[in-house]
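**Student:** One structure is given below, represented as structure tokens, and several questions about it will come after.
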Amino acid sequence: MINRRTFDAVIVGGGGAGLRAALTLAEANQKVALISKVFPTRSHTVSAQGGITAALANVSDDNWHWHMYDTVKGSDYLGDQDAIEFMCRNAPTAVYELEHMGLPFSRLDNGKIYQRPFGGQSQNYGGEQAIRTCAAADRTGHALLHTLYQRNIAARTQFFDEFFALDLIHDDTGSVTGVMALEIETGEPWLFEARAVLLATGGACRIFRHSTNAHINTGDGLGMVLRAGLPLEDMEFWQFHPTGIPEVGSLITEGVRGEGGYLVNKDGERFMPRYAPHALDLASRDVVARAIAQEMLAGRGCGEHGDFVLLKIDHIGADKIKERLPGIRELSMQFSGVDPCEAPIPVTPTAHYMMGGIPTNLHAQVVAPVRYGPEEAVPGLYAAGECACVSVHGANRLGGNSLLDLVVFGRAAGSHMLEYLRENPIPLPMDQDRVDAVMARLSRWDKPHGSERVSTLRADMQRIMQAHCGVYRNEALLQEGLVKLGEVAARLGDAFIEDRSRAFNTARLEALELENLMSIARATLVSALARTESRGAHAREDYPERDDDRWLRHTLYSANQDALDYKPVRLKPLTVDGFRPKARTY
Amino acid sequence: MRFRIYRYNPETDAKPFMQDYTLDFDACGKKVLDALIAIKDTLDESLSFRRSCREGVCGSDGVNVNGSNVLACITPLEGLSEPVTIRPLPRLGVIRDLIVDMEQFYRHYRAVKPYLINLDPEPESERLQTPQERQQLDGLWECVLCGCCTTSCPSFWWNPDRFLGPSALLQSARFVLDSRDQATDERLDFVEDPYRLFRCHGIMNCVESCPKGLNPTTAIGKIKALLVDRAL
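Okay, structure coming up:
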């Protein structure tokens with residue numbers, strides 16, 4: 001009754017990280033299956049706009065070590081410096097590789113890849129603005145995702161499109177032996193047996209009411225990891241992008257400010273000089289988001305409710321806007337009714353990116369404190385992309401580093417999985433009890449009666465997270481949020497779906513997604529409540545300072561009794577000297 | 587606001603039918619996808635449709651609204667005549683409600699080898715391409731594979747298995763016109779066929795329906811011009 005297939009490796013998720021890893025494995029003639037709940041080019045990578053950061057030095061003087069410095073500083077020193085060195089050092093190669101694959105980068109007059117300035121980028125360790133983000137107009141994510149998908153077609157990767165991953169299957173020793181999934185079109189369960197599994201399931205900003213994320217960003221891989229008894233890292237750190245379209249949530253790229261745009265309040269004042277006298281509108285995202293929040297709190301927000309500010313770009317001229325920011329112009333006209341060639345775009349801080357996630361090392365192996373140390377590799381299990389916390393972004397991600405993270409660690413995952421598959425040629429026995437347990441969990445949604453609707457619970461959760469875990473937090477707010485979320489969790493037991501048909505039952509999918517979202521929301525509140533300092537995107541009104549003595553460490557949250565554990569930040573890079581924490585100004 | 591929506595569940599319905607819904611909400615500034623989600627969340631959770639990015643870049647939610655193929659997430663509700671009639675994209679098999687079987691469409695996409703073919707050794711850094719060469723790709727590489735154009739094309743309706751359709755031909759042009767690609771002849775050989783390419787009669791429904799404002803007819807024209815050049 002359960003369909004079974006056997007592969008060398010299974011990849012869950014068809015975004016940038018999953019496709020990059022699949023490519024390495026398929027090109028090495030491994031039997032690899034990629035399962036994705038949407039056709040791969042519908043993955044959220046497609047929404048990335050501004051670009052991918054790499055020190056190519058095509059426009060300004062640059063090198064990877066400066067990029068590394070900026071990333072460490074941007075992370076508010078919570079990023080692991082070995083992983084950051086690995087990413088920044090490999091960035092140029094990764095970008096050239098994408099170009100060789102056919103990615104249609106915009107070009108400079110000399111024929112090289114076009115680069116634009118982005119927030120938090122500097123030359124010479126904090127000096128002049130660097131110009132480091134490689135772009136395909138303002139649709140870099142689209143270009144990257146389609147290119148990687150296309151290369152996988154050429155490499156004959158086997159795709160299982162519209163398959164929803166349910167749970168990991170592992171044996172008693174913790175070794176991963178496969179993945180259970182639901183074929184959406186037929187509603188039938190599938191067991192994918194594999195010696196290595198990569199989770200590349202993306203972010204989970206759908207825990208918030210206002211988010212730049214696609215509907216599909218429900219953190220399914222994180223839910224799977226928590227249910228497998230493994231921890232999540234640094235879940236208190238969520239990036240609020242300074243410039244989302246109010247209410248709708250759609251992203252307006254930092255590239256707008258990179259191309260010369262700036263923010264103004266209701267008095268028409270360009271306010272960023274008061275908050276970041278040197279970097280101005282291109283300070284780190286957490287800094288700009290807090291500045292906007294401060295302006296709004298001080299009554300200088302625009303509109304009837306004072307809940308947005310304006311992003312002005314018309315002064316660079318309509319031709320430049322149409323050439324370099326065509327996608328932004330389209331979004332702005334469609335969702336705000338504003339043509340940025342003529343008028344400023346209304347924007348407000350909007351949940352955008354999850355810095356935390358599934359703990360991994362720089363080979364993308366999932367690591368957990370299982371028996372011996374804090375970072376023991378879980379045999380056969382990998383994670384890469386936004387769902388993973390490697391941690392290159394620490395407490396705050398720099399713009400353009402997300403697409404880079406996908407390809408660098410997607411590739412690293414593929415390479416290490418190849419090695420692992422060679423060393424572990426024999427499949428381990430499949431634990432039927434665990435398969436049965438997943439089926440039992442699934443059948444929970446077949447019960448015919450209940451009192452709560454999935455859509456209501458989801459909306460309640462999103463409102464709670466928005467109100468209690470936004471740009472600014474404090475103890476009372478978080479405590480209250482946790483109590484309210486507990487009430488929603490209790491109601492989840494009474495939830496039911498009327499539609500119990502098999503074929504393409506999206507109501508059932510939304511129920512399963514809600515279970516994942518709820519566990520992630522809880523991880524977030526518990527982790528945020530415990531961290532009594534302000535660092536990067538985690539801004540505590542009651543603890544406004546960064547506290548390196550107590551909190552220069554990573555949080556590890558486990559679902560079992562909300563247990564919290566901590567592990568040290570890796571301050572030692574691979575080959576260069578580490579950057580010691582110091583005051584962070586822009 | 588009143589809606590009339592195509593329903594079909596293969597497990598329970600002998601044949602498709604149209605179902606009416608009345609939604610009590612403020613349509614101001616909202617899109618068709620907002621209405622579909624509101625119906626699913628508040629009136630009928632069994633209504634099934636695809637959606638992902640909700641901002642017109644992923645191509646999931648191509649549907650037919652009042653007779654036109656559109657992306658639901660960027661189609662404003664204001665100005666639509668009521669009842670707003672929503673059907674699946676035409677000519678493809680229906681899996682359930684507004685969800686169509688895209689496999690035929692994807693098969694044509696894969697058939698044009700939608701990937702760069704360049705057999706030269708890879709240089710140390712990027713291959714150079716002038717802004718003018720790169721500009722040849724504008725209007726081609728932005729395709730989101732939603733299927734709105736191909737399913738609006740009468741030539742595709744008549745020969746869905748043999749005519750590649752505007753989207754796949756646009757993808758072919760994207761690689762034919764890329765200065766870095768070396769398989770131009772092979773690509774032209776493949777499309778030079780009475781059905782694959784030459785069923786396009788320039789009806790231009792594709793141009794009308796492309797939600798991204800792309801122009802597959804022009805792209806097809808460029809392929810035809812290259813075929814003529816090659817023959818001379």
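Chains as they are written, first to last, in my numbering: chain A, 1 to 586; chain B, 587 to 818.
Note that the Cβ used here is the ideal one computed from N, Cα and C, for glycine as well.
1) For ALA539 of chain A, which option in A:GLY51, A:MET518, A:LEU482, A:ASN474 has the closest C-alpha, if you only look at C-alpha atoms?
2) Whether or not the region 418–435 of chain A and the region 460–478 of chain A are in contact is what I'm after, with contact meaning three or more pairs of Cβ atoms, one per stretch, closer than 8 Å; do they touch?
3) Taking three-plus beta-carbon pairs below 8 Å as touching, is the region 199–211 of chain A in contact with the region 381–392 of chain A?
4) On the DSSP letters alone, give me the boundaries of the alpha helix (DSSP H) that HIS416 of chain A sits inside.
5) Could you spell out where the beta strand (DSSP E) holding TYR77 of chain A opens and where it closes?
6) Can you tell which of A:GLU259, A:PRO117, A:VAL390 has the C-alpha that lies nearest to the C-alpha of ILE358 of chain A?
7) Going straight from the alpha carbon of TYR275 of chain A to that of GLU545 of chain A, what length do you get?
8) DSSP state of ASP565 of chain A, grouped into three classes?
9) Would you call the CB atoms of GLY255 of chain A and GLY14 of chain A closer than 8 Å?
10) Check the Cβ-Cβ distances between GLN334 of chain A and every residue of chain B, and say whether any is below 8 Å.
11) Would you kindly report the start and end of the unbroken alpha helix (DSSP H) that includes LEU812 of chain B?
12) Between which two residues does the beta strand (DSSP E) holding ASP620 of chain B run?
13) Please confirm if ASP627 of chain B has its CB atom under 8 Å from at least one CB of chain A.
14) Are the beta-carbon atoms belonging to VAL12 of chain A and VAL176 of chain A less than 8 Å from one another?
15) Beta-carbon of ILE789 of chain B versus every beta-carbon of chain A: anything under 8 Å?
16) Say whether chain A places a C-beta atom closer than 8 Å to the C-beta of GLU641 of chain B.
17) Using 8 Å as the threshold, is the region 518–532 of chain A in touch with the region 62–80 of chain A, meaning 3 or more CB pairs across them?
18) Using only the alpha-carbon positions, how far apart do GLU487 of chain A and ARG693 of chain B sit?
19) If you draw a straight line from the C-alpha of GLY79 of chain A to the C-alpha of ALA279 of chain A, how long is it?
20) Please go through the region 21–51 of chain A and give each complete beta strand (DSSP E) segment of 3 or more residues, from N-terminal end onward.
21) Between which two residues does the alpha helix (DSSP H) harbouring HIS210 of chain A extend?
22) With DSSP as the reference, label VAL762 of chain B as helix, strand or coil.
23) Along the chain, where does the alpha helix (DSSP H) that runs through HIS740 of chain B open and close?
24) Look up SER558 of chain A in the DSSP assignment and give the residues it is bridged to.
25) For ALA583 of chain A, which of A:GLU236, A:MET1, A:GLY74 has the nearest alpha-carbon?
26) In chain order, what residues of the same chain lie with their CB nearer than 6 Å to the CB of HIS363 of chain A, ignoring the 5 residues before and after it?
27) Using the three-state DSSP reduction, which class does ASN3 of chain A fall into: helix, strand or coil?
28) For ASN361 of chain A, count the other beta carbons within 10 Å of its own beta carbon; 16 or more makes it buried, fewer makes it exposed. Which is it?
29) When burial is assigned at 16 or more other CB atoms within 10 Å of the CB, is ASN560 of chain A buried or exposed?
30) Who are GLN129 of chain A's beta bridge partners in DSSP?
31) Evaluate CYS614 of chain B with the Cβ neighbour count: other Cβ atoms within 10 Å of its Cβ, from every protein chain shown; 16 or more gives buried, anything less gives exposed.
32) Under 8 Å between the Cβ atoms of LEU403 of chain A and ASP82 of chain A?
33) For VAL844 of chain B and LYS484 of chain A, what's the separation of their Cα atoms in angstroms?
34) Along the region 712–738 of chain B, where does the CB come closer than 7 Å to a CB of chain A? Name the residues.
35) Ordered along the chain, which non-local residues of its own chain (more than five positions away) have a Cβ less than 6 Å from that of GLY410 of chain A?
36) Going by Cα to Cα distance, which pick from B:ALA769, B:GLN757, B:SER765 is closest to LEU783 of chain B?
**Tutor:** So, to answer that:
1) For the residues A:GLY51, A:MET518, A:LEU482, A:ASN474, the minimum Cα distance to ALA539 of chain A belongs to A:ASN474.
2) no
3) Because the criterion of three Cβ pairs below 8 Å is met, the region 199–211 of chain A and the region 381–392 of chain A touch.
4) Counting along the chain, the alpha helix (DSSP H) containing HIS416 of chain A begins and ends at 401–423.
5) Unbroken run through TYR77 of chain A: none, as it is neither H nor E.
6) A:VAL390
7) 16 Å
8) strand
9) It is not a contact, given that the beta carbons lie outside the stated cut-off.
10) yes
11) Going by DSSP, LEU812 of chain B is part of the alpha helix (DSSP H) stretching over 802–817.
12) Taken as a continuous stretch (DSSP letters only), ASP620 of chain B belongs to no beta strand (DSSP E), being part of the alpha helix (DSSP H) at 618–624.
13) yes
14) no
15) no
16) yes
17) no
18) Taking C-alpha positions only, GLU487 of chain A is separated from ARG693 of chain B by approximately 48 Å.
19) Cα to Cα, the separation comes out at about 21 Å.
20) 32–36
21) Premise fails: HIS210 of chain A is in no alpha helix (DSSP H) and is neither H nor E.
22) helix
23) Per the sequence shown, the amino acid found at residue 740 of chain B is Pro instead of His. Where PRO740 of chain B is concerned, the enclosing alpha helix (DSSP H) stretches over 740–744.
24) A:ALA563
25) A:GLY74
26) Counting only Cβ-Cβ distances below 6 Å, and skipping sequence neighbours, we find ALA412, HIS416.
27) strand
28) A residue is called buried when at least 16 other Cβ atoms come within 10 angstroms of its Cβ; ASN361 of chain A meets this threshold and is buried.
29) exposed
30) GLN129 of chain A pairs with A:SER122.
31) With fewer than 16 other Cβ atoms inside 10 Å of its own Cβ, CYS614 of chain B counts as exposed.
32) no
33) Shown here, chain B extends from 587 to 818; a query on residue 844 of chain B therefore has no answer.
34) GLU712, ARG713, LEU714, GLN715, THR716, PRO717, ARG720, LEU723, TRP727, GLU728, LEU731
35) ALA17, ARG20, ALA21, ALA384
36) B:GLN757
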